[in-house]
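Asker: Here it is, the structure, as structure tokens.
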Amino acid sequence: MASYRPSALPNTRIDVADVLRGIAIGGIVLIHFIEHLNFYDFPEPVNEFWASVNSGVWDTVFFLLAGKMYAVFALLFGLSMFIQHDNQAQRGVDFRPRFAWRMVLLMGFGLLDLAFFNGDILFLYAVCGLLVLPLIRASDRVIAMVAFFFMLQPIEIASLIVGAFSPDAQPLNLGSGAMFRAIMPAQRDGSLLDVACAGLRYGVQLNITWSIEHGRMTQVIFLFLTGIMIGRKRLFYNEGDNLKVWKRVLLWSCAALAVILPLYNNIPGLYDSKIISKSLTVMLEMWRNLAMMSIIVSGIVLLFYKTGFRRPLMTIAPYGKMSLTHYIGQSVVGSMLFYGWGFGLYNVCGHTVSLLMGFAFVVIQCLFSHWWLRSHKRGPLEQLWHNATWLKRA
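Letter by letter, the sequence shown follows residues 17 to 410 of the working numbering.
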């Protein structure tokens, strides 16, 4: 492997990345609120009209946000991974050992999150960060090749090959569904201690196995690597021909979505083989989410740099700077609102009301971010993570 050369230019704060991170965390909050934080127990609609409204709200939110917001979040995680490593490399410091420690700390935050919400993503990101770390100094070509391999969804390709030879084979099942069901009684009737015990008992394995079964883990690794490449190429800065690159990304992503969407809606149902149908569904869903994520990212970058929307978009940036604080905050507050140990609103709030509650909570979080960052450099948990990362710094 060729020796790593740090960037010649400084990695200044990227405002548009903070905006995108804010959009991602806000979208994640909305999804989690409408899902009652992975507690799929909802009140019966009072009439057919509200049943139709709730169904429309659910379908719209999931089509626009589900999987796309986590994808944006993962892309930016890879970008941050590059920036942290490159900043230290410019000083002659190898950041890799400290980054590994940083991922151990992130696992700790993930366990804290699991004490309230079984759908935590932080532990998975930490695991994927450690898997990607050996490639942080690899050549662009190696990173691109590995990223492309994971983008193809190799687990689903392997399942399709199995299905071609054994059509009666069953889809990959690592037991996430059983673990999910095992947590639900604590969400419905348990105390906060019951919820925490169930989350810590099942949560890590549940989220990793679910991510493998549904293509998210392979996509996260791909997006981490893509974020590293975006950082190397400085594509989030308004430099050179970068905006032309983002225009091409937008056009190609729209074209890809136009092709993938009808395939996703129609092709898996043509097969009687469960393993083939399921693998095609997962693969095409991940590619659909990737195309939509690329449309969101490229569209926001172009709006930020080419139009008068920069100023209103910057109001979201403080929210994005405190994404760790807000991610865990939504788990704590959402658990209290919807689970049985708190207000038990799962049995009262339908999809529409839950979405409005999510919007209100995002606004409150955003206002808190503006207030907090007027007198602090980082959010509360971001500062704690930073301090613990550099605890043994010489």
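Glycine included, each C-beta is placed from N, C-alpha and C at the ideal position.
Among the residues of its own chain, which have a CB less than 6 Å from the CB of residue 37, if the five just before and after it don't count?
Answerer: Taking the first residue of the sequence shown as 1, we reach residue 37 at position 21. Excluding residues within five positions, the ones whose Cβ falls inside 6 Å are 92, 336, 339.
Asker: Taking the C-alpha atoms as reference points, what is the distance between residue 370 and residue 50?
Answerer: Residue 370 sits at position 354 when you count from the first residue of the sequence shown. Residue 50 sits at position 34 when you count from the first residue of the sequence shown. Going by the C-alpha atoms only, they are around 5 Å apart.
Asker: In whole angstroms, what is the alpha-carbon distance linking residue 225 and residue 193?
Answerer: One-based indexing of the sequence shown puts residue 225 at position 209. One-based indexing of the sequence shown puts residue 193 at position 177. Looking at the two C-alpha atoms, the distance is approximately 9 Å.
Asker: Rounding to the nearest angstrom, what Cα-Cα distance links residue 207 and residue 168 in this structure?
Answerer: Locating residue 207 in the sequence shown gives position 191, where the first residue counts as 1. Locating residue 168 in the sequence shown gives position 152, where the first residue counts as 1. Those two C-alpha atoms are separated by around 43 Å.
Asker: Rounding to the nearest angstrom, what Cα-Cα distance links residue 28 and residue 97 in this structure?
Answerer: As a first step, residue 28 is located in the sequence shown; it is residue number 12 there, counting from the start. As a first step, residue 97 is located in the sequence shown; it is residue number 81 there, counting from the start. Roughly 14 Å separates the two Cα atoms.
Asker: Could you tell me which of 62, 22, 73 sits nearest to residue 47, measuring between CA atoms?
Answerer: As a working mapping, residue 47 is identified with position 31 in the sequence shown. Of the candidates 62, 22, 73, the one whose C-alpha sits nearest the C-alpha of residue 47 is 73.
Asker: Cβ atoms of residue 149 and residue 204: under 8 Å apart, would you say?
Answerer: Locating residue 204 in the sequence shown gives position 188, where the first residue counts as 1. Locating residue 149 in the sequence shown gives position 133, where the first residue counts as 1. No, the pair does not count as a contact, with Cβ atoms beyond the cut-off.
Asker: Quick check: the Cα distance between residue 280 and residue 394, rounded to an integer number of angstroms?
Answerer: Along the sequence shown, one-based indexing puts residue 280 at 264. Along the sequence shown, one-based indexing puts residue 394 at 378. Cα-Cα distance, rounded: 41 Å.
Asker: How many angstroms separate the CA atom of residue 17 from the CA atom of residue 161?
Answerer: Residue mapping note: residue 17 aligns to position 1 of the sequence shown, counting from 1. Residue mapping note: residue 161 aligns to position 145 of the sequence shown, counting from 1. Any reading at residue 17 must be qualified, since the residue scores a pLDDT of 44, below 50, and its modelled position is unreliable; the value itself is stated next. Cα to Cα, the separation comes out at about 14 Å.
Asker: Should residue 367 go down as buried or exposed, given a rule of 16 or more other Cβ atoms within 10 Å for buried?
Answerer: Against the sequence shown, residue 367 aligns to sequence position 351. Under this definition residue 367 is a buried residue.
Asker: With H, G and I counted as helix, E and B as strand and the rest as coil, what does DSSP make of residue 105?
Answerer: In the sequence shown, counting from the first residue as 1, residue 105 sits at position 89. Residue 105 falls in the helix class under three-state DSSP.
Asker: So, at 6 Å on beta carbons, what are the nonlocal neighbours of residue 287 in its own chain, with the 5 sequence-adjacent residues on each side left out?
Answerer: Stepping through the sequence shown from its first residue, residue 287 is reached at position 271. If we look at residue 287 and ignore the five residues flanking it on each side, its Cβ neighbours are 293.
Asker: For the alpha helix (DSSP H) containing residue 221, list its first residue and its last residue.
Answerer: Position 205 of the sequence shown, counted from the start, is the residue given in the question as residue 221. Start and end: 208 to 229.
Asker: For residue 410, which three-state DSSP category applies?
Answerer: Taking the first residue of the sequence shown as 1, we reach residue 410 at position 394. Annotation note: pLDDT 44 at residue 410 (below 50); position unreliable, coordinate value reported separately. It is coil, neither helix nor strand.
Asker: So which of 272, 231, 71, 199 has the shortest CA-CA distance to residue 83?
Answerer: Counted from its first residue, the sequence shown places residue 83 at position 67. Comparing Cα-Cα distances from residue 83 to each of 272, 231, 71, 199, the minimum goes to 231.
Asker: According to DSSP, is residue 195 helix, strand or coil?
Answerer: Locating residue 195 in the sequence shown gives position 179, counting from the first residue. Three-state result, residue 195: helix.
Asker: Give the straight-line distance between the Cα atoms of residue 209 and residue 128, rounded to the nearest whole angstrom.
Answerer: Taking the first residue of the sequence shown as position 1, residue 209 is located at position 193. Taking the first residue of the sequence shown as position 1, residue 128 is located at position 112. Taking the straight line joining both Cα atoms gives about 13 Å.
Asker: Taking 8 Å as the threshold (C-beta atoms), are residue 175 and residue 291 in contact?
Answerer: Position 275 of the sequence shown, counting from 1, holds the residue named residue 291. Position 159 of the sequence shown, counting from 1, holds the residue named residue 175. Yes, they are a contact pair.
Asker: Contact defined as beta carbons within less than 8 Å: I believe residue 306 pairs with residue 235. What is the distance between those atoms, to the nearest angstrom?
Answerer: The sequence position of residue 306 within the sequence shown is 290, counting from 1. The sequence position of residue 235 within the sequence shown is 219, counting from 1. Indeed, because the Cβ distance is near 7 Å, the residues count as touching under 8 Å.
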